[in-house]
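Chemist: In the UniProt record's numbering, the protein residues as written are 1 to 468.
Below is a structure I'd like to ask you about.
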């Protein structure tokens, strides 16, 4: 089992600390080690791979984990290279290490909560830091979304990939974005019945830039492959539609689906009820930026309304010594994350990247921007809500309470709503509700959440930090 190098003191800083062991972090760590850098790869999970390459624990004895993944050979190659570099002493891989604070020093100082329960602590030093912290799912609330059996689209995939279990037997997949097709394909391949994929967008946004589509034929092929698999299972795709209510007692039993107008407002008279015992729903991904935002790193607004880190051609952020790759720079998928992780590693090592790698990053990033624009939530989604609909689940703050804060108490931004209602002050610290709260508050332009710590930390761990 990996142990923290803090047990041996802080004598020699690493050349590079990579935070996150998903596609971008794995690619960055092994590429940097290939160039002779001494690296540490930290991840909050139990095994490398991140959310995308999540796979069953050895104890489950999965015979064919590759069948639940796209591009599994890529991960297998990265895992093999990681193992070789660990054996040679070029990479320390530290599982169950959640970095909650970055100190901007020379060298950098990283503070992490350790262990499966986060009860331990570790401090490491590194000359450079590569952020590959990925993203989390965006949820837009609706009546009934807190019922048992309602999970995120990525959560349904995680249950299947890591636990080999399904959230139900008859699962409606809904929301917006390409993750829906991938999730539905995985669920049907595992034996679930998917009566419908309910997609809020129309896909017409992709037609606005045909040159970008032509430059990324693999993306088109992937969509066709998913479509063919779903057609074989007779899964119906409902475009320009949304789940506007979930019904049930002890768990979800059915959903109401309605057609949407161009602004995502439900069209009266188009409602239809679909029986199910689970709902997998998500509206894209939100870059996870807490560590960089606290340092004041420059950000940009992505076409889907989320906020991502602004990086230069070498993946360097506006903070000297802090690099970023993958979804932190804007959600674009595993292939883009792999390319950006390698680019960052080469830049940190002082090596010039191949022209083909730069071209690949440029094409895939252009597709990512097109994808974000095509699935941007419409402003009318809030018409799904009722006054009693919970928006912040942790603090049980309703849409009515947020409306009162805006209309009667004069709140004009998400922060003021938070102070007046406690929305976003719960255990998840706004990861689930902040996009919805910001929209309901009428915030003109999104901003990256800035908080001193990126995850819950024990008071004893804070007290144990050095006085300097």
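For glycine and all other residues, C-beta sits at the position ideal for the given N, C-alpha and C.
In this text, all values refer to a predicted model and were calculated from it rather than measured experimentally.
Looking at C-alpha atoms only, which residue of 14, 163, 74, 37 is the closest neighbour of residue 61?
Modeler: Position 61 of the chain shown holds residue 61. It is 163 whose Cα lies nearest to the Cα of residue 61.
Chemist: Tell me whether the beta-carbon of residue 263 lies closer than 9 Å to the beta-carbon of residue 380.
Modeler: In the chain shown, residue 263 corresponds to position 263, counting from 1. In the chain shown, residue 380 corresponds to position 380, counting from 1. Yes, Cβ-Cβ distance for residue 263 and residue 380 is below 9 Å.
Chemist: What residue ranges within the region 283-338 form continuous beta strand (DSSP E) runs of no fewer than 3 residues, ordered along the chain?
Modeler: For the region 283-338, whole beta strand (DSSP E) runs of length 3 or above, ordered along the chain, are 285-287, 299-301, 307-309, 322-324.
Chemist: Whose C-beta lies closer than 8 Å to the C-beta of residue 479 among residues of the same chain, with five residues either side of it excluded?
Modeler: This structure leaves residue 479 out entirely; the chain is present only between 1 and 468.
Chemist: Which complete beta strand (DSSP E) runs does the region 387-435 hold, if anything under 3 residues is left out?
Modeler: List check, beta strand (DSSP E) in window: 390-392.
Chemist: Near residue 156, what residues of its chain come up, given a Cβ to Cβ distance below 6 Å and the 5 sequence neighbours on each side ignored?
Modeler: Position 156 of the chain shown, counted from the first residue, corresponds to residue 156. Contacts found: 167, 183, 280.
Chemist: Have a look at residue 424 and residue 144 and give me their C-alpha separation to the nearest angstrom.
Modeler: Taking the chain shown and counting its residues from 1, one reaches residue 424 at position 424. Taking the chain shown and counting its residues from 1, one reaches residue 144 at position 144. C-alpha separation (whole angstroms): 19 Å.
Chemist: Around the Cβ of residue 15, are there at least 16 other Cβ atoms within 10 angstroms (buried) or fewer (exposed)?
Modeler: Within the chain shown, the letter at position 15 stands for residue 15. Flag for residue 15 reads buried.
Chemist: In its own chain, which residues sit with a C-beta less than 7 Å from the C-beta of residue 39, not counting the 5 before and 5 after it?
Modeler: Translated into positions along the chain shown, residue 39 becomes position 39. The answer, listed in chain order, is 14, 15, 16, 18, 29, 32, 33, 90, 91.
Chemist: According to DSSP, simplified to helix, strand and coil, what is residue 108?
Modeler: Working through the chain shown from its first residue, we reach residue 108 at position 108. The answer is strand: DSSP assigns residue 108 an E or B state.
Chemist: Taking the beta carbon of residue 427 as the centre, do at least 16 other beta carbons fall within 10 Å, making it buried, or is it exposed?
Modeler: Working through the chain shown from its first residue, we reach residue 427 at position 427. Classification of residue 427: exposed, given that the 10 Å Cβ count is below 16.
Chemist: Return yes when the Cβ of residue 258 is within less than 9 Å of the Cβ of residue 246, no when it is not.
Modeler: Taking the chain shown and counting its residues from 1, one reaches residue 246 at position 246. Taking the chain shown and counting its residues from 1, one reaches residue 258 at position 258. Not closer than 9 Å, so no.
Chemist: Does the separation of the CB atoms of residue 255 and residue 172 fall below 9 Å?
Modeler: Along the chain shown, one-based indexing puts residue 255 at 255. Along the chain shown, one-based indexing puts residue 172 at 172. Taking 9 Å as the Cβ cut-off, residue 255 and residue 172 qualify as a contacting pair.
Chemist: Kindly list the residues whose CB is nearer than 6 Å to the CB of residue 346, restricted to its own chain and excluding five residues on each side of it in sequence; keep chain order.
Modeler: As a working note, residue 346 is residue 346 in the chain shown. If we look at residue 346 and ignore the five residues flanking it on each side, its Cβ neighbours are 353.
Chemist: For the beta strand (DSSP E) holding residue 176, just list the boundary residues, first then last.
Modeler: Locating residue 176 in the chain shown gives position 176, where the first residue counts as 1. Run containing residue 176: 171-176, per the beta strand (DSSP E) assignment.
Chemist: Contact check, residue 131 vs residue 324 under 8 Å by CB: the rounded distance?
Modeler: On the chain shown, residue 131 is found 131 positions in, with the first residue counted as 1. On the chain shown, residue 324 is found 324 positions in, with the first residue counted as 1. Between residue 324 and residue 131 the Cβ distance is about 4 Å, and since that is below 8 Å, they are a contact.
Chemist: Would you kindly report the start and end of the unbroken alpha helix (DSSP H) that includes residue 224?
Modeler: By one-based count along the chain shown, residue 224 stands at place 224. Counting along the chain, the alpha helix (DSSP H) containing residue 224 begins and ends at 217-232.
Chemist: For the pair the region 308-318 and the region 184-196, tell me if three or more CB-CB distances fall below 8 Å.
Modeler: In short, these stretches do not touch, since the Cβ pair count stays below three.
Chemist: Reducing DSSP to helix, strand and coil, say where residue 39 ends up.
Modeler: Translated into positions along the chain shown, residue 39 becomes position 39. Here residue 39 sits in strand by DSSP.
Chemist: With DSSP as the reference, identify every bridge partner of residue 252, one or two as the case may be.
Modeler: On the chain shown, residue 252 is found 252 positions in, with the first residue counted as 1. The partner list for residue 252 (beta bridge, DSSP) reads 248.
Chemist: Buried or exposed: which applies to residue 3, given that a residue is buried once 16 or more other Cβ atoms fall within 10 Å of its Cβ?
Modeler: Stepping through the chain shown from its first residue, residue 3 is reached at position 3. With a pLDDT of only 48 at residue 3, under the threshold of 50, the placement of this residue in the model should not be trusted, and no figure is reported.
Chemist: Could you spell out the range, first to last residue, of the alpha helix (DSSP H) harbouring residue 357?
Modeler: The residue labelled residue 357 in the question sits at position 357 within the chain shown. First-last of the alpha helix (DSSP H) with residue 357: 355-374.
Chemist: Hey, how far is the Cα of residue 49 from the Cα of residue 251?
Modeler: As a first step, residue 49 must be located in the chain shown, where it is residue number 49. As a first step, residue 251 must be located in the chain shown, where it is residue number 251. Going from the Cα of residue 49 to the Cα of residue 251 covers about 32 Å.
Chemist: Considering only the beta carbon of each residue, do residue 206 and residue 432 sit closer than 9 Å?
Modeler: For the purposes of this step, residue 206 is identified with residue 206 of the chain shown, where counting begins at 1. For the purposes of this step, residue 432 is identified with residue 432 of the chain shown, where counting begins at 1. The answer is no: Cβ separation not under 9 Å.
Chemist: Which residue from 121, 96, 127, 289 puts its Cα closest to that of residue 464?
Modeler: The count along the chain shown starts at 1 and reaches residue 464 at position 464. Closest by alpha carbon: 121.
Chemist: Would you mind working out which of 208, 96, 336, 221 sits nearest residue 74, comparing C-alpha positions?
Modeler: As a position in the chain shown, residue 74 is number 74, starting the count at 1. For the residues 208, 96, 336, 221, the minimum Cα distance to residue 74 belongs to 336.
Chemist: According to DSSP, simplified to helix, strand and coil, what is residue 9?
Modeler: The residue labelled residue 9 in the question sits at position 9 within the chain shown. Caution applies to residue 9, whose pLDDT of 42 falls short of 50 and renders its modelled position unreliable; the model cannot decide the point.
Chemist: Can you name the start and end residues of the beta strand (DSSP E) that residue 188 belongs to?
Modeler: Locating residue 188 in the chain shown gives position 188, where the first residue counts as 1. Counting along the chain, residue 188 falls outside any beta strand (DSSP E), though it belongs to the alpha helix (DSSP H) covering 179-189.
Chemist: The alpha helix (DSSP H) spanning residue 457 covers which residue range?
Modeler: Indexing the chain shown from 1 puts residue 457 at position 457. No alpha helix (DSSP H) contains residue 457, which DSSP labels as neither H nor E.
Chemist: On the premise that residue 21 lies in contact with residue 469, defined as a C-beta separation below 8 Å, what is that separation, rounded to the nearest angstrom?
Modeler: Residue 469 lies beyond the stretch modelled for the chain, which goes from 1 to 468, so this question has no answer here.
Chemist: What is the DSSP secondary structure of residue 120, reduced to helix, strand or coil?
Modeler: Taking the first residue of the chain shown as 1, we reach residue 120 at position 120. Strand at residue 120.
Chemist: Starting from residue 77, trace the alpha helix (DSSP H) in both directions and tell me its first and last residue.
Modeler: Stepping through the chain shown from its first residue, residue 77 is reached at position 77. Its alpha helix (DSSP H) spans residues 72-88.
Chemist: Alpha carbon to alpha carbon, how far is residue 217 from residue 210? Give it in angstroms, no decimals.
Modeler: Within the chain shown, the letter at position 210 stands for residue 210. Within the chain shown, the letter at position 217 stands for residue 217. About 11 Å.
Chemist: Identify the continuous beta strand (DSSP E) that holds residue 102 and give its terminal residues.
Modeler: Numbered from its first residue, the chain shown carries residue 102 at position 102. Start and end: 97-103.
Chemist: Rank 64, 83, 116, 112 by C-alpha distance to the C-alpha of residue 45 and give the top, closest one.
Modeler: Counting from one through the chain shown, the residue named residue 45 turns up at place 45. Comparing Cα-Cα distances from residue 45 to each of 64, 83, 116, 112, the minimum goes to 116.
Chemist: Assuming residue 161 contacts residue 367 under a Cβ cut-off of 8 Å, what Cβ separation, rounded to an integer in Å, is found between them?
Modeler: Within the chain shown, the letter at position 161 stands for residue 161. Within the chain shown, the letter at position 367 stands for residue 367. With a Cβ gap of about 24 Å, residue 161 and residue 367 do not count as contacting.
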